[in-house]
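**Student:** Residue numbers (our numbering), protein chains in the order written: chain Z, 80 to 576; chain X, 4 to 492. Quick reminder that beta carbons are idealized off the backbone N, C-alpha and C, glycines included. Let me give you the structure first, and then I'll get to my questions.
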């Protein structure tokens with residue numbers, strides 16, 4: 080195994096030094112990206128990334144980077160999003176470490192050629208599926224979970240590709256931290272961190288990568304169109320409005336705790352948090368009361384003082400959220416909005432379907448509550464909207480859960496809890512209609528690989544193969560058809576070709 | 004509303020009624036499709052004969068035999084494929100139910116090609132039906148008679164609202180692409196592939212593209228050259244070279260070039276007699292435009308034999324070109340015709356280098372009796388599929404994913420891969436409202452102690468199987484001891 084990657088080039092050292100002294104790092108322009116892409120391609124074609132040893136070393140380096148610089152990450156995310164230490168460590172660092180460790184222990188198995196079922200004619204041949212690297216991939220993270228959404232796909236890409244990584248420009252400190260740290264841990268020719276503005280991204284995508292990963296709440300279409308120009312496959316994980324149904328049969332106290340935690344962590348800036356509640360009329364009053372208590376319990380009487388409460392990422396999004404609030408529903412729990420700190424207190428509103436807050440995505444700690452009379456109404460409401468990233472349902476009645484699951488469609492589904500299904504290594508994290516492709520564990524590896532079908536035959540038994548050659552005769556066809564039916568009875572279909 | 008818009012809207016409405024979802028319905032539709040092929044062989048053959056001059060036996064072998072097998076496999080396996088797929092749990096989800104549920108996507112658009120119209124248009128349809136989707140089928144307008152037969156016959160056998168057939172040319176296809184689909188499946192060339200992907204990208208629709216490329220074929224000097232050439236000739240001249248995975252060109256050492264040409268000539272004579280023009284088993288070029296295109300490729304290369312053509316009949320004789328240079332016209336685009344260029348190369352290294360300079364092809368062939376050569380070729384090049392010592396047949400193994408990479412396409416299908424490609428694999432986590440104690444560690448106010456617990460639960464990844472069994476054994480032992488004590492003493 081490698082001991083450590085070679086030191087970054089002098090210009091990178093200089094840039095890193097400047098950042099440490101507090102000066103901002105330059106934005107990487109598209110022209111620079113051409114050069115980085117070229118270097119990565121050369122490194123890939125030299126076969127550097129192909130050995131198991133190299134890949135394991137890179138994965139282990141990612142784990143080390145997160146462990147050794149935990150404080151730096153906590154600090155950077157604290158400055159960007161006022162993210163409490165707990166959230167940074169658990170959701171940004173530990174989830175990535177989990178992915179990396181899972182990949183490390185399974186890499187050998189994933190890299191093995193897979194034998195597949197053979198049919199009658201190929202019994203004497205070898206049929207395999209081999210996972211090949213694609214080349215150079217481009218990973219664009221988002222600002223809600225800046226570290227998680229850059230490094231989880233990176234772990235998948237390390238499955239023998241080279242990569243260019245672009246953390247979101249909004250999370251300035253985190254992006255700079257990654258830009259600074261990655262050259263000290265990962266191979267400098269194969270992996271590059273760039274700092275690109277969201278408007279430059281389509282131009283960079285058009286430089287031609289072998290796969291492109293993009294996650295954000297918007298802009299997905301522009302990236303997909305740019306990728307189409309060069310026939311580049313795309314994995315997109317975008318946002319949506321995630322509905323959360325609360326049934327009249329449920330344990331309100333526990334339900335409320337789970338929903339509150341999911342909705343208000345990271346000041347509501349999460350792709351997988353429940354966006355609105357569809358609450359059964361019977362429990363509405365109790366739910367609202369319980370939510371108030373829970374908020375008090377989590378964040379104290381003034382969430383601004385709480386160290387566990389985050390801030391909105393920037394003024395633009397802050398204003399958008401603020402504007403939506405004043406025109407929607409009724410505020411049930413609220414507080415003062417502070418622009419200087421980009422702080423919006425936790426707010427619950429009672430809304431109608433036509434309110435502005437239900438027309439757009441919500442980027443903040445706001446939880447709209449709508450009432451429905453029964454499960455049918457909830458399902459009808461959910462199906463009228465675009466397919467969301469997640470659908471949540473809280474109930475002790477398994478039939479209700481089943482109905483909600485089978486009669487709606489979404490990227491993923493979770494009952495009686497939120498968000499956890501998107502953090503598990505074994506479950507694919509993907510969207511449908513608000514995304515394509517999937518991540519996590521084996522799915523990341525497959526996303527960034529090409530599964531090549533290999534059939535290895537011999538030149539013996541030409542006496543059987545001759546059946547397929549012209550001149551075509553009915554007799555031969557009958558023989559083949561008969562053999563097909565034989566094979567169909569046992570397994571697969573046969574083609575004595 | 005245009006005709007295309009109406010067809011799509013009807014399909015979506017039909018899908019939303021939910022009738023394509025139950026397994027019995029899907030199997031019933033597939034059985035009907037099967038009947039189409041057993042009952043209507045004659046009409047299908049006649050149309051293909053008019054379009055591509057393919058004999059009835061040839062048609063069956065390449066189009067319907069494969070489809071019948073695929074339908075039978077799908078009917079048998081769809082229950083297994085559509086069932087929830089359990090996944091491994093971690094310490095935190097031990098008491099929960101965790102699985103992946105395959106779901107239909109919605110309305111799928113399938114755009115077919117003209118070279119094997121039934122095979123490449125119906126195979127994805129089988130997958131779409133099996134996954135519970137609605138599908139709009141757009142056969143290629145280039146194979147006029149087959150498109151008409153599809154438009155007439157499919158509605159007779161399968162649900163005409165859920166699976167409408169929309170025929171038409173470029174303007175009709177463009178109108179279709181303006182509608183929103185949940186997946187688009189396209190077989191054809193890269194130019195049009197880009198246009199389709201861009202149209203899909205505007206709606207964020209995922210695509211499966213089965214494109215083409217120049218599939219190289221390397222003949223090692225250590226191999227049974229006569230059998231190799233026979234298989235290559237079969238792969239190349241079937242359907243007059245109009246196969247997306249046909250061996251496009253041959254790479255071999257100069258010392259065996261003459262032998263290769265000799266053997267290919269012999270095989271062609273065996274297959275198609277001395278006068279292929281009169282042989283019923285030899286096909287025709289699809290239309291005059293393509294014929295002119297293919298003949299233009301011959302310009303700057305030496306013809307070893309063949310080269311005759313008859314424009315009025317869309318006939319090009321099986322042709323072999325020798326000593327072809329990389330800059331030759333015939334090496335600049337996918338041939339898709341009965342011309343077989345032979346490029347002499349110095350050996351395996353030069354061949355691999357040459358192949359890697361080009362775009363990743365849909366298929367790569369190597370003929371050798373030396374495993375080392377085969378393995379090197381397989382490991383040092385990339386392609387959609389890889390086949391040693393034969394041509395084309397990997398298409399027929401339904402357990403192998405069939406698809407391209409890079410410029411030759413994205414996504415794959417056949418067998419279970421068709422089903423998975425046209426489904427949404429939805430992650431499901433079913434929890435209970437109990438055991439809140441464990442959850443408490445994630446709620447604010449956050450304390451270092453809670454963080455410690457979180458680290459333990461999430462990161463501890465020990466082999467639950469072995470330890471779990473030990474723990475269970477220990478617990479059982481304790482319980483047994485307690486029980487014994489209680490009841491015996």
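1. Does DSSP put residue 100 (chain X) in a helix, a strand or coil?
2. If you compare alpha carbons, which of Z:230, Z:183 and Z:506 is closest to residue 253 (chain Z)?
3. Does residue 99 (chain X) pass the burial test, meaning 16 or more other C-beta atoms within 10 Å, or should it be called exposed?
4. Does residue 324 (chain X) have its Cβ less than 7 Å from a Cβ in chain Z?
5. Can you round the beta-carbon distance between residue 467 (chain Z) and residue 489 (chain Z) to whole angstroms, since I take them to be within the 8 Å contact cut?
6. 7 Å is my cut-off, CB to CB: does residue 250 (chain X) come that close to chain Z?
7. Give a yes or no on whether 7 Å exceeds the smallest Cβ distance from residue 371 (chain X) to chain Z.
8. Could you work out which residues of chain B lie near residue 484 (chain Z), taking near to mean beta carbons separated by less than 7 Å?
9. Quick one: using the 10 Å Cβ neighbour count with 16 as the cut-off for buried, is residue 464 (chain X) buried or exposed?
10. Verify whether the separation of the beta carbon atoms of residue 222 (chain Z) and residue 392 (chain Z) is less than 7 Å.
11. Would you list, in chain order, the members of the segment 324-339 of chain Z that have their beta-carbon closer than 9 Å to a beta-carbon of chain X?
12. Which residues of the segment 270-290 of chain X have a Cβ closer than 9 Å to any Cβ of chain Z? Give them in chain order.
13. Report the residues of the segment 496-510 of chain Z with a CB closer than 8 Å to any CB of chain X, ordered along the chain.
14. Taking Cβ positions only, does residue 412 (chain Z) come closer than 7 Å to chain X?
15. Find out if the Cβ-Cβ distance for the pair residue 327 (chain X), residue 264 (chain X) is shorter than 7 Å.
16. Between residue 124 (chain X) and residue 132 (chain X), which are expected to be in contact by the criterion C-beta below 8 Å, what is the C-beta distance as a whole number of angstroms?
17. Give the straight-line distance between the Cα atoms of residue 192 (chain X) and residue 216 (chain X), rounded to the nearest whole angstrom.
18. Within the same chain, show all residues whose beta-carbon is closer than 8 Å to that of residue 15 (chain X), passing over the 5 residues directly before and after it, in chain order.
19. Ignore the nearest five residues each way along the sequence and tell me which others in residue 66 (chain X)'s own chain have a CB closer than 8 Å to its CB.
20. Ends of the alpha helix (DSSP H) at residue 409 (chain Z)?
21. Counting only Cβ pairs nearer than 7 Å, list the residues of chain Z close to residue 106 (chain X).
22. Let me know the secondary structure DSSP gives residue 4 (chain X) once reduced to three states.
23. Contact defined as beta carbons within less than 8 Å: I believe residue 304 (chain Z) pairs with residue 201 (chain X). What is the distance between those atoms, to the nearest angstrom?
24. For residue 114 (chain X), does the three-state DSSP call read helix, strand or coil?
25. Enumerated in chain order, which unbroken segments of the alpha helix (DSSP H) with a length of 4 residues or greater are wholly contained in the segment 155-223 of chain Z?
26. Just curious, the alpha helix (DSSP H) that residue 127 (chain X) is in, first and last residue?
27. Take residue 225 (chain X) and list the residues in its own chain whose beta-carbon comes closer than 7 Å to its own, dropping the five residues that flank it on each side.
28. Taking all protein chains shown into account, decide if residue 429 (chain X) is buried (16 or more other Cβ within 10 angstroms of its Cβ) or exposed.
29. For residue 406 (chain X), is the classification buried or exposed, using 16 other Cβ atoms within 10 angstroms of its Cβ as the cut-off for buried?
30. Is there at least one Cβ from chain Z nearer than 7 Å to residue 345 (chain X)'s Cβ?
31. Grab me the residues of residue 313 (chain Z)'s own chain with a C-beta within less than 6 Å of its C-beta, minus the 5 sequence neighbours each way, in chain order.
32. Report, in whole angstroms, the separation of the C-beta atoms of residue 240 (chain Z) and residue 215 (chain Z), which I expect to be a contact under 8 Å.
33. Consult DSSP for residue 448 (chain X) and reduce its assignment to one of helix, strand or coil.
34. Which complete beta strand (DSSP E) runs does the segment 294-359 of chain X hold, if anything under 3 residues is left out?
35. Go ahead and label residue 561 (chain Z) buried or exposed: buried means 16 or more other beta carbons lie within 10 angstroms of its beta carbon, across all protein chains shown.
36. So that I know if they touch, is there some Cβ in chain X lying closer than 7 Å to that of residue 422 (chain Z)?
**Tutor:** Reading from the atomic positions:
1. strand
2. Z:230
3. buried
4. no
5. 5 Å
6. no
7. no
8. The structure shown contains no chain B; the protein chains it does contain are Z and X.
9. The predicted model places residue 464 (chain X) with a pLDDT of 48, which falls under 50 and marks its position as unreliable, so this point remains unresolved.
10. yes
11. 329, 330, 332, 333, 334, 336, 337 and 339
12. 270, 273, 274, 275, 276, 282, 283, 284 and 285
13. 496, 499, 500, 501, 503, 504, 505, 506, 507, 508 and 509
14. no
15. no
16. 13 Å between Cβ atoms; not a contact.
17. 8 Å
18. 109, 110 and 137
19. 47, 51, 119, 120, 121 and 122
20. Not the alpha helix (DSSP H): residue 409 (chain Z) falls in the beta strand (DSSP E), residues 409-412.
21. 488
22. coil
23. 6 Å
24. strand
25. 174-190
26. 120-133
27. 371, 372 and 373
28. buried
29. buried
30. no
31. 291, 303 and 306
32. 7 Å
33. coil
34. 305-308, 322-325 and 342-347
35. exposed
36. no
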